Amino acid sequence: MMLDEAHERLYVGAKNTLYSLSLERVNHQHREIDWASSESQVEDCMMKGKEKPECANYIKVLQQFNTTHLLACGTGAFNPLCATIRVGHAGQARQFELEEQSVESGRGRCPYDHNSPITSTLDRGELYIGLYTDYWENDAALCRLNNQSYTRTERDNRQQLNEPKFIGSVVIPDNDDRDDDKVYFFFTERGMDAEGVNKAVYTRVGRVCANDQGGQRMLVNRWSSFLKTRLICSVAGSNGIDTHFDELEDVFVLKNKDEKNPEIFGLFSTTSAVFQGYAVCVYHMDVVRAAFNGQFAHRERPEHHWTPYKGRVPYPRPGSCASKVNGGGFLGSKEFPDEVLRFVRSHPVMSSPVLPLHNKPVLLQTEPGGRRLTQIAVDRVQAQDGHYHVLYIGRDDSVVLKVISIYNKDTDTIEEVLLEELQVFKVPVPITEIIISAKRQQLYVGSEVGVAQVRLHQCELYGSECADCCLARDPYCAWDGLTCSRYYPAGVYTKKHRRFRRQDVRHGNAVQLCNGLQIDGEKYQGAEERQVYGVENNSTLLECTPRSLQARVLWYIQRGPDREEVRGDESIVMTTHGLLFLIVRIGDAGMYVCQTVEHGYVHTLLRVTLHVLGGERVSALIHRTGEEGEEGGETTATSCHLPIDTPPDLHTGSNSDPTSRLPGALPGSSLVPAPAPGPTSQLWYKEFLQLIGYRDTQRLEEYCERVWCSEKRRRKIKLRYTQPLGRGERRARGRGEPHRTPRHTMDT
Numbered sequence: 001m002m003l004d005e006a007h008e009r010l011y012v013g014a015k016n017t018l019y020s021l022s023l024e025r026v027n028h029q030h031r032e033i034d035w036a037s038s039e040s041q042v043e044d045c046m047m048k049g050k051e052k053p054e055c056a057n058y059i060k061v062l063q064q065f066n067t068t069h070l071l072a073c074g075t076g077a078f079n080p081l082c083a084t085i086r087v088g089h090a091g092q093a094r095q096f097e098l099e100e101q102s103v104e105s106g107r108g109r110c111p112y113d114h115n116s117p118i119t120s121t122l123d124r125g126e127l128y129i130g131l132y133t134d135y136w137e138n139d140a141a142l143c144r145l146n147n148q149s150y151t152r153t154e155r156d157n158r159q160q161l162n163e164p165k166f167i168g169s170v171v172i173p174d175n176d177d178r179d180d181d182k183v184y185f186f187f188t189e190r191g192m193d194a195e196g197v198n199k200a201v202y203t204r205v206g207r208v209c210a211n212d213q214g215g216q217r218m219l220v221n222r223w224s225s226f227l228k229t230r231l232i233c234s235v236a237g238s239n240g241i242d243t244h245f246d247e248l249e250d251v252f253v254l255k256n257k258d259e260k261n262p263e264i265f266g267l268f269s270t271t272s273a274v275f276q277g278y279a280v281c282v283y284h285m286d287v288v289r290a291a292f293n294g295q296f297a298h299r300e301r302p303e304h305h306w307t308p309y310k311g312r313v314p315y316p317r318p319g320s321c322a323s324k325v326n327g328g329g330f331l332g333s334k335e336f337p338d339e340v341l342r343f344v345r346s347h348p349v350m351s352s353p354v355l356p357l358h359n360k361p362v363l364l365q366t367e368p369g370g371r372r373l374t375q376i377a378v379d380r381v382q383a384q385d386g387h388y389h390v391l392y393i394g395r396d397d398s399v400v401l402k403v404i405s406i407y408n409k410d411t412d413t414i415e416e417v418l419l420e421e422l423q424v425f426k427v428p429v430p431i432t433e434i435i436i437s438a439k440r441q442q443l444y445v446g447s448e449v450g451v452a453q454v455r456l457h458q459c460e461l462y463g464s465e466c467a468d469c470c471l472a473r474d475p476y477c478a479w480d481g482l483t484c485s486r487y488y489p490a491g492v493y494t495k496k497h498r499r500f501r502r503q504d505v506r507h508g509n510a511v512q513l514c515n516g517l518q519i520d521g522e523k524y525q526g527a528e529e530r531q532v533y534g535v536e537n538n539s540t541l542l543e544c545t546p547r548s549l550q551a552r553v554l555w556y557i558q559r560g561p562d563r564e565e566v567r568g569d570e571s572i573v574m575t576t577h578g579l580l581f582l583i584v585r586i587g588d589a590g591m592y593v594c595q596t597v598e599h600g601y602v603h604t605l606l607r608v609t610l611h612v613l614g615g616e617r618v619s620a621l622i623h624r625t626g627e628e629g630e631e632g633g634e635t636t637a638t639s640c641h642l643p644i645d646t647p648p649d650l651h652t653g654s655n656s657d658p659t660s661r662l663p664g665a666l667p668g669s670s671l672v673p674a675p676a677p678g679p680t681s682q683l684w685y686k687e688f689l690q691l692i693g694y695r696d697t698q699r700l701e702e703y704c705e706r707v708w709c710s711e712k713r714r715r716k717i718k719l720r721y722t723q724p725l726g727r728g729e730r731r732a733r734g735r736g737e738p739h740r741t742p743r744h745t746m747d748t
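Spelled out as structure tokens, the structure:
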């Protein structure tokens, strides 16, 4: 995917197709280009032993070539092709056309296999790319292509690249001299031990000069400035042994006002078959540059270990660019002495690795529950108490995590706060790309099934109370005196109630910010009320979902004036979804109170009254109903000529649980299925309602007759109260109502 703010479009490369989507709504006014492989190309591909699904044109390169054109390259059924796409000038009539005369071979610019790793970036008309250039994927290369030259790493030089997996690339200037710009490549590769055996996997950052022309007599059309070093992302162990996250999954370069010093975010995983974990590490460019300006690594022979090089380093320093900053004595790399080229060829590895910010990950997941983290994107947000990085992390089950990390300088610890989980697609598929539009405050998420668009924030989901808004700790949101709304820094946005803005991302201290507004836990003001029926010696769940993952849930049972905390034992289990009675007894009946405690703030969420029905009486009633049904045979229901209305409320009071209003179900339970329509079934539900004390049976009888008169209508009434999980549902981990409407998203 490629974001084009100037044309207000999102360009997407897919199988045999290119899409142009609107940034306003990705599922409106989209355009597409069909770029499928010809029948002869598909036949040739299959003759080479490939399966038909592989013999298609998968778009792998999509870059902004200039203000009016894109560069697109595809696998072309294992015969790579490239072409330019005309998009026109910004502000003019929209264009999206493939220029047929521009189609040419894409060898060296696009891999043959659509599963092959690749990274590319385009700067000043030159394409920098990391890929496998051949059909068999034996030749890995970091390349630069333009109209005049083709520069790359050396073939079969395992000191430069050894079975790499390319992840990302970016051009970063070192100073104001553009001749000193550097291109950084991020990849993983196999390390070689002293015996020459490929064992460990390392994450590397490689660097070349953007103006590198190669050498005159040696390293012709090869990089004369290529260097690489290791990226470290690890956690210190109590036994002094660090746990390393060596597999780079994704990288995100967060640019700021100083284009020379962006922040680099890496999403890493472990390579161990025993332990699975993920970590996010942050790197500053001054640390990266220091590593490349440090000592070179050296070993006398392949069977020796790497050590810092202690000998003389030739001038100009190997890896430097031909620029005015470096003295201006050389007009280009072709003028570099052979001594410099020989040194950089034999010493491409730096001795010092790049260490992360705080020397530790800012995010750590050691038990991902079998889920893989696949993508990362980061937004920098200004809050009332400072700047925060909001991490959007994609998983392999269509979920995007919205997370912030807070560093405590005094204790040298990092707190991770999971703000939300975004269920982006209905089917569980890996997230393949995440793009942030800071201008539009939108998140664009890509997968193999489509593209989804989600707002970065929707503060109203955190509830209608000051405490809920402040406890959310979302840097996008603040309490403005009336609602939870978008936070704007002073001088950026003027609002009538701006002086009432309350926000504390670092501590989430709602007690101090919302003084006088705390809900009294003893009086249960504003708490939801429910009634649940359970059958003796059966299992029963009292549902209560906290509005925050950081909140501690407490359960109390109220019997008269006394209140006692409920603690888990062999018959009662405290779960994340509520209080589970494994075997409910008559003595368990009573009123239960669900409260959450977070940062000293007590919130009463629910009061639920548990009624326990005698097991013998329920069994006898069901048994007798079954016998009567066999004697009477099947009967038809009374015909219904009225439309089906909302079923009568089975609770007393106004705070009934809406999920209990499904036809054929009792509040909080699913004891038995609804019987077939007929007189005996009507007798059954009447007697059962009398058993639980419900008296308005006439109204319920009329409703049931209307429901049973038509199977089609019965299905409709069921669907009215059961909504499937759709694309773009946002499961907030902040403070909203537990069953609130999903955040608005758009997908295609």
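Numbering (full-length UniProt numbering), first residue to last: 1 to 748.
Virtual Cβ for every residue (Gly too), placed ideally from N, Cα, C.
All of these numbers come straight from a predicted model, not from anything done at the bench.
First and last residue of the uninterrupted beta strand (DSSP E) at residue i
i      : result
Gln442 : 442 to 447
Phe268 : 263 to 269
Gln101 : No beta strand (DSSP E) holds Gln101; DSSP gives it neither H nor E.
Val532 : 528 to 535
Phe252 : 247 to 254
Phe185 : 182 to 192
Ala291 : Where Ala291 is concerned, there is no enclosing beta strand (DSSP E), although the alpha helix (DSSP H) it sits in stretches over 285 to 292.
Val378 : 373 to 383
Check: residue i C-beta below 7 Å from any heavy atom of the ligand SAM
i      : result
Val253 : For the ligand SAM, the structure offers nothing, since it holds no ligand at all.
Element boundaries [alpha helix (DSSP H), containing residue i]
i      : result
Leu513 : 510 to 513
Met591 : Element bounds for Met591: not the alpha helix (DSSP H) but the beta strand (DSSP E), 590 to 598.
Arg547 : Careful: Arg547 lies outside any alpha helix (DSSP H) and carries neither H nor E.
Cys45  : 39 to 47
Asp468 : 466 to 472
Residue i - partner residues in DSSP beta bridges
i      : result
Phe581 : Thr540, Ile572
Met2   : Tyr11
Thr558 : Correcting the residue identity first, residue 558 is Gln in this sequence and not Thr. Paired residues: Arg563, Met591.
Ser120 : Ile129
Gly74  : Ile59, Leu81
Val354 : Leu231
Val26  : DSSP output for Val26 lists no bridge partner at all.
His623 : None; His623 has no bridge partner.
Asp34  : Thr17
Supposed close pair residue i, residue j - CB separation, criterion 8 Å
i      : j      : result
Val532 : Leu610 : 5 Å
Ser120 : Tyr128 : 7 Å
Val354 : Ala297 : Rounded, the Cβ-Cβ distance is 14 Å, inconsistent with contact.
Thr203 : Asp246 : 6 Å
Thr84  : Glu99  : 5 Å
Thr188 : Lys165 : 5 Å
Trp35  : Gly88  : About 19 Å; that fails the 8 Å criterion.
Identity of the residue in the options nearest residue i by Cα
i           : options                        : result
Leu456      : Leu419, Met574, Ala527, Tyr592 : Leu419
Val535      : His599, Gly614, Val505         : Gly614
Leu62       : Leu422, Gln101, Ile118         : Ile118
Leu541      : Ser169, Cys594, Glu465         : Cys594
Val325      : Glu303, Trp555, Trp479, Asp174 : Asp174
residue 749 : Val454, Asp474, Thr151         : Residue 749 is absent from the structure shown; the chain starts at 1 and stops at 748.
Thr604      : Asp588, Arg559, Ala620, Ala551 : Ala551
Gln295      : Tyr556, Asn211, Glu303, His347 : His347
Asp4        : Phe226, Thr545, Gln64, Tyr135  : Gln64
Leu248      : Lys257, Arg230, Gly237, Asp258 : Arg230
Tyr388      : Pro337, Ile431, Val505, Lys334 : Val505
Thr575      : Tyr309, Thr545, Gly191         : Thr545
Ala377      : His304, Pro308, Glu263         : Glu263
Glu538      : Gln558, Cys143, Ser619         : It should be pointed out that residue 538 corresponds to Asn in this sequence rather than to Glu. Per the Cα distances, Ser619.
Is there contact here, the region 433 to 446 with the region 14 to 32, by at least three beta-carbon pairs under 8 Å? Yes, the region 433 to 446 touches the region 14 to 32.
For the 8 Å Cβ check, are there 3 or more pairs between the region 372 to 392 and the region 283 to 292? No, they do not touch.
Take every Cβ of the region 73 to 85, pair it with every Cβ of the region 107 to 121, and state whether three or more of those distances are shorter than 8 Å. With a cut-off of 8 Å, the region 107 to 121 and the region 73 to 85 count as touching, because enough Cβ pairs lie within range.
For the region 449 to 466 against the region 349 to 369, are there 3 or more C-beta pairs whose distance is under 8 Å? Cβ pair count under 8 Å is below three, so no.
Is it a yes or a no for the region 205 to 221 touching the region 237 to 244, going by three-plus beta-carbon pairs under 8 Å? Touching, no, given that fewer than three Cβ pairs across the two stretches are closer than 8 Å.
Can you confirm whether the region 397 to 415 touches the region 331 to 349 when touching is taken to mean that 3 or more C-beta pairs between the two stretches lie within less than 8 Å? No contact exists between the region 331 to 349 and the region 397 to 415.
Using 8 Å as the threshold, is the region 556 to 570 in touch with the region 584 to 591, meaning 3 or more CB pairs across them? As far as the Cβ criterion goes, the region 556 to 570 touches the region 584 to 591, which means the pair count is three or higher.
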